[in-house]
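Protein chains in written order, with the numbering used here: chain A, 2 to 520; chain B, 2 to 520.
Take a look at the structure below.
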């Protein structure tokens, strides 16, 4: 602190690009001797607003003591922040204190257990999209909502607010189909089979996907092994018009962008509350223009949903919000006792999907069966398909090779990958400690190992399951193989395995948990 | 992503100081072409661990594209991070992925509404102290605990864990007194009067204070107007031995450091939950070696505690945790209907305190009365003081000038300020809209205005109350004056006033709310 009289600095600052990559966080650099810094009482790490020519961004302030980075007449911006402003170096620029987000008052009311209004959620989604929230503030919103819980009208308000935070596609057709699984089951890549089958039938299914939040691979992460998934809204439209479907990431399309920002906090914190999940899924689907939606809720002892009671509650919530938004929504409850298919991680899951599409006799039967049943239910959205006939139509499309042809067409249209991702070459195997039958596979633990091994960031990392539920194993026989691309990840995964065990349970045939769902 | 084979980089990196001030957040800078960066699969903004010579710190990674900041053989550290490592530039240094804090599992269980164990709280406090938590993760812990609530045993565990996170003073005396107000009442600077009075009596009162969390001034912020408050543990000990008291900030003394880190997140989020409050207060007091503690809970319509029922619950919680920790703890419930004294903000509150110490006829009577009563209760901890005599002893000490002499001695010993902080020169007044009697003053709103005006960061900023509860006012007469040091803050405060009103209610004498507390 000093006693300098407050002054309005006369000379404006000029913009400089600082060649530091700070990813999703904008950083502004001011020299400690800069007149504005001294006059306006800024502090390192405080949030500032930067304006020039009508453009405006928020950034975190770092104070510089080295004039070769920025001098006292310059304002530096990190690479991504500089790009957002779209101005040349040397442009005159203004900096001011950023006001805290106004809707933090609503977040505080939520912390106190209050119910929030539609207006509150709108303000929160808007300010999040506008990057007015720090990660800490978003964490407060997410944890407060997850814990106090959102009632079904609040979930509806949040969903609407997230839809309104971005663009909304209109396909100008009466039937725009989509499907979504709530997640928690590793290897569950049914979308990459359902979309080609449904699109091959001619039904419009412009599926947009999220990246993984807490799982070792999302559909977008996996499809990226084969093709470009970051499409512009224009490219996406063009693709869907021609192909009747797509397998693209929703984020770049500016659909429900508030959701993407929130996911960047949910992911490291491992938050996955029912209300936020329903809002996140339905906001993306409504923004993407879906009219008919199939939701898959897997149930099992290590799935996200562990009891039928809980699955039914979640189904009611999906139905309430979906109906209120004018969606035609169906929920099916599926077998979530173990991972689907054999691979866990983008490259391995792509292998499984391609085996099913190619009618390879080695293809994992559970992935094929589940995908056909889901595709069948989606096809029955078509008024011309009789109830109960969907499955047979789906199987015909798959067996005839029309689904494979459609996948190849989608890959070609989205943009095939030039380089192939290799499977991680650093491996170890986990062996059966005794002879018996596999009576349990922990979804959560296998997913964690695949993540520790580097998935989904490293496409070739993951877990390859060599034995599934009910299969007989001999002592010393391998249960699964872990693949990593980098030494550090290999060590992490291995240490995790040593600490937490294999995730497999070996016992007798009668100990295999019973199947208590539709299929 | 590329297909480079994983390699263990042969040449170690060398340390470089990057002249960027990132305050409480350690930042590490790696060049994009650095072999380690490529081989180990780091990402911008990911958390890394940096090791050299047994020392170890955590930092957030920024990726640099300019070799003049760091080249591909260097690892750069921001100024504070560099200092923590205590190594020369050019030292060889290692970087690795930082594991996420293990105790986040406990935080997730708390989010799910579970009760945490003593071991959980110990792990959380330890990892927070070790800087393993990001701000986002701390926000998750705080919000989850605030919302699910902590039961009284959890509060006890958290308190113990925070005490164990740092050093603990032992004064080797049977009676070590302290006092603390839970806050929420602007201008309530009684500690700066109670400590000189009690220390002048000869009772040991090594008061350590926090800085403001959500208020416009804490005792540490205000005492800093007169003297140094950042003392080393050695200096603090020396001072207390000679003076029988002190008015220092607890943070630098490494007392319950986990609490200081948490406060840096609570403050911007405005979290102030009962369990965390009790744990924070008692951990600091126990770590500071207190054996006898007086807690002041103000109650009023705009105080933190609004109803007597709530005050009694809080008192029980203080008593339970205090007794379990072996503290002799007394709670008194006081008048929290309006700010105490006239000034709000460090410089203004210092003026009020000095007027009381100097027996100035202009001194605010409420501040004097409350301080004497609190000091009286503390003095009664002395077995030689009869119950009921404390107040008279306190008044004698104040009126005789012995309290002022003690304050001067404390200032001289802690280190008097060389430069004086001036009162903010940019001012505006808020005037009475009608003639009548002041029937309400909103503590919360007045505190917000003082904060908007720049307090406590700008010592001279704040609000000077010209009328208090029950006083008659004429239309147009000023109710209070707002002082700011910087233009931006002045604009903020004024805009806030325009949006939210004055915070004063004018009515008739019979509308003044009744006093329903001890004094």
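We treat Cβ as the ideally placed atom computed from N, Cα and C, and that holds for glycine.
- Show which residues of chain B have a CB atom less than 8 Å away from the CB atom of residue 112 of chain A. Along the first chain, one-based indexing puts residue 112 of chain A at 111. Scanning chain B for C-beta atoms nearer than 8 Å to the C-beta of residue 112 of chain A yields 144, 147, 148 and 272, reported in chain order.
- Range of the contiguous beta strand (DSSP E) that encloses residue 387 of chain B: Residue mapping note: residue 387 of chain B aligns to position 386 of the second chain, counting from 1. Counting along the chain, residue 387 of chain B sits inside no beta strand (DSSP E), nor does DSSP assign it H or E at all.
- Item | Contact set for residue 271 of chain A: own chain, Cβ-Cβ below 6 Å, skip 5 residues either direction | One-based indexing of the first chain puts residue 271 of chain A at position 270. Around residue 271 of chain A: 215.
- Can you list the beta strand (DSSP E) stretches of 3 or more residues lying completely in the region 44-122 of chain A, in chain order? When DSSP assignments are scanned along the region 44-122 of chain A, the uninterrupted stretches of beta strand (DSSP E) that are 3 or more residues long and fall wholly within it turn out to be 48-53, 56-65, 75-78 and 93-98.
- 8 Å Cβ cutoff, residue 137 of chain A in contact with chain B: Counted from its first residue, the first chain places residue 137 of chain A at position 136. Flagged as an interface residue toward chain B: residue 137 of chain A, by a C-beta distance shorter than 8 Å.
- Message: Give me the residue from A/328, A/242, A/338 and A/130 with the minimum Cα distance to residue 305 of chain A.
- Response: Counting from one through the first chain, the residue named residue 305 of chain A turns up at place 304. Residue nearest to residue 305 of chain A within the set A/328, A/242, A/338 and A/130 is A/338 (criterion: CA-CA distance).
- Task: Report the three-state DSSP secondary structure of residue 211 of chain A (helix, strand or coil).
- Result: Position 210 of the first chain, counted from the start, is the residue given in the question as residue 211 of chain A. Shown here, residue 211 of chain A sits in coil according to DSSP, grouped into three states, outside any helix or strand.
- Query: So, helix, strand or coil for residue 288 of chain A, using DSSP?
  - Reply: One-based indexing of the first chain puts residue 288 of chain A at position 287. In this structure, residue 288 of chain A counts as helix in the three-state DSSP scheme.
- the region 382-399 of chain A in contact with the region 211-225 of chain A per 3-pair CB rule at 8 Å: With a cut-off of 8 Å, the region 211-225 of chain A and the region 382-399 of chain A do not count as touching, because too few Cβ pairs lie within range.
- Rank B/450, B/251 and B/302 by C-alpha distance to the C-alpha of residue 482 of chain B and give the top, closest one. Within the second chain, residue 482 of chain B is the residue found at index 481, counting from 1. For the options B/450, B/251 and B/302, the alpha carbon positioned closest to that of residue 482 of chain B is the one of B/450.
- Item | Partners in chain B for residue 231 of chain A, counting only beta-carbon separations shorter than 8 Å | In the first chain, residue 231 of chain A corresponds to position 230, counting from 1. Residues of chain B with a Cβ closer than 8 Å to the Cβ of residue 231 of chain A do not exist, since the nearest Cβ in that chain sits about 14 Å away.
- Item | Buried versus exposed, by CB contacts within 10 Å (16 or more), residue 171 of chain B | Numbered from 1 along the second chain, position 170 holds the residue referred to as residue 171 of chain B. Label assigned to residue 171 of chain B: exposed.
- Leaving out five residues on either side along the sequence, give the residues of the same chain with a beta carbon under 8 Å from the beta carbon of residue 205 of chain A. The residue you call residue 205 of chain A lines up with position 204 of the first chain. Excluding residues within five positions, the ones whose Cβ falls inside 8 Å are 172, 174, 176, 177, 178, 241, 245 and 246.
- Classification of residue 501 of chain A by the beta-carbon crowding that lies within 10 angstroms, buried from 16 upward: Reading the first chain from its first residue, position 500 is the one you call residue 501 of chain A. Burial call: exposed.
- Excluding five sequence neighbours on each side, which residues of the same chain lie with their C-beta closer than 6 Å to the C-beta of residue 56 of chain B? Here residue 56 of chain B refers to the residue found at position 55 when the second chain is read from its first residue. Excluding its 5 nearest sequence neighbours in each direction, residue 56 of chain B has C-beta neighbours in its own chain below 6 Å: 86, listed in chain order.
- If you check the beta carbons only, do residue 440 of chain A and residue 476 of chain A fall under 8 Å apart? For this step, residue 440 of chain A is matched to residue 439 along the first chain. For this step, residue 476 of chain A is matched to residue 475 along the first chain. Not a contact, by the Cβ cut-off of 8 Å.
- Item | In DSSP terms, what residue 494 of chain B is bridged to | For this step, residue 494 of chain B is matched to residue 493 along the second chain. Beta-bridge pairing links residue 494 of chain B to no other residue.
- Tell me whether residue 510 of chain B sits in a helix, a strand or coil according to DSSP, three-state version. Counting from one through the second chain, the residue named residue 510 of chain B turns up at place 509. DSSP places residue 510 of chain B in helix when its eight states are reduced to three.
- Query: Who does residue 300 of chain A pair with in a DSSP beta bridge?
  - Reply: Position 299 of the first chain holds residue 300 of chain A. Under DSSP, residue 300 of chain A takes part in a beta bridge, and its partners are A/306 and A/336.
- Message: When you compare the CB of residue 10 of chain B with every CB in chain A, is at least one pair closer than 8 Å?
- Response: To locate residue 10 of chain B, count along the second chain from 1; it is residue 9. Any answer about residue 10 of chain B is weak, because its pLDDT of 40 lies below 50 and its placement is not dependable; what the coordinates show is given next. It does not: the Cβ of residue 10 of chain B has no partner Cβ on chain A nearer than 8 Å.
- Item | Buried versus exposed call for residue 155 of chain B [16 or more other C-beta atoms within 10 Å across all chains shown] | Locating residue 155 of chain B in the second chain gives position 154, counting from the first residue. Result: buried.
- Touching by the beta-carbon criterion (3+ pairs, under 8 Å), the region 131-143 of chain A and the region 133-147 of chain B: Note that the region 131-143 of chain A touches the region 133-147 of chain B; at least 3 beta-carbon pairs, one per stretch, sit closer than 8 Å.
- Inter-residue Cα distance where the pair is residue 159 of chain A and residue 70 of chain B: The count along the first chain starts at 1 and reaches residue 159 of chain A at position 158. The count along the second chain starts at 1 and reaches residue 70 of chain B at position 69. Between residue 159 of chain A and residue 70 of chain B, the C-alpha separation is close to 44 Å.
- residue 162 of chain B and residue 123 of chain B closer than 8 Å at C-beta: Within the second chain, numbered from 1, the residue matching residue 162 of chain B stands at position 161. Within the second chain, numbered from 1, the residue matching residue 123 of chain B stands at position 122. Yes, these two residues count as a Cβ contact at 8 Å.
- Task: With residue 451 of chain B as the anchor, note down where its alpha helix (DSSP H) starts and where it stops.
- Result: Within the second chain, numbered from 1, the residue matching residue 451 of chain B stands at position 450. That run of the alpha helix (DSSP H) goes 444-453.
- Select from A/157, A/455 and A/95 the residue whose C-alpha is nearest the C-alpha of residue 121 of chain A. The residue you call residue 121 of chain A lines up with position 120 of the first chain. Measuring from the Cα of residue 121 of chain A, the nearest candidate turns out to be A/157.
- Since residue 456 of chain B contacts residue 463 of chain B with CB under 8 Å, what's their CB separation in whole angstroms? To locate residue 456 of chain B, count along the second chain from 1; it is residue 455. To locate residue 463 of chain B, count along the second chain from 1; it is residue 462. About 5 Å; that satisfies the 8 Å criterion.
- Message: Taking 8 Å as the threshold (C-beta atoms), are residue 380 of chain A and residue 394 of chain A in contact?
- Response: Position 393 of the first chain, counted from the first residue, corresponds to residue 394 of chain A. Position 379 of the first chain, counted from the first residue, corresponds to residue 380 of chain A. Result yes, Cβ atoms of residue 394 of chain A and residue 380 of chain A sit closer than 8 Å.
- Buried or exposed by the 16-neighbour rule on C-beta atoms within 10 Å, applied to residue 52 of chain A: To locate residue 52 of chain A, count along the first chain from 1; it is residue 51. With fewer than 16 other Cβ atoms within 10 Å, it is exposed.
- Message: Considering just the uninterrupted stretch of the beta strand (DSSP E) at residue 198 of chain B, what are its terminal residues?
- Response: In the second chain, counting from the first residue as 1, residue 198 of chain B sits at position 197. That residue, residue 198 of chain B, is in no beta strand (DSSP E); its alpha helix (DSSP H) goes 192-202.
- Using 8 Å as the threshold, is the region 187-205 of chain B in touch with the region 351-360 of chain B, meaning 3 or more CB pairs across them? A contact is defined here as three or more CB-CB pairs under 8 Å, and the region 187-205 of chain B meets this definition with respect to the region 351-360 of chain B.
- Beta-carbon contacts of residue 417 of chain B that lie in its chain and below 6 Å, excluding the five residues immediately before and after: Taking the second chain and counting its residues from 1, the one referred to as residue 417 of chain B is at position 416. Correct list, in chain order: 228.
- Task: Could you tell me whether the Cβ of residue 23 of chain A comes closer than 8 Å to any Cβ of chain B?
- Result: Here residue 23 of chain A refers to the residue found at position 22 of the first chain. Chain B, which has a Cβ nearer than 8 Å to the Cβ of residue 23 of chain A, makes this yes.
- Taking Cβ-Cβ distances shorter than 9 Å, what residues in chain A pair up with residue 98 of chain B? Along the second chain, read from residue 1 onward, the residue named residue 98 of chain B stands at position 97. Neighbours of residue 98 of chain B in chain A, taken as residues at a C-beta separation under 9 Å, are given in chain order as 489, 490 and 493.
- Message: Taking only three categories from DSSP, how would you classify residue 125 of chain A?
- Response: Here the question's residue 125 of chain A lines up with position 124 in the first chain. It is helical.
- When you check each C-beta in the region 48-75 of chain A against every C-beta of chain B, which residues fall closer than 7 Å? Flagged, chain order: 63, 64, 65, 66, 67, 69 and 70.
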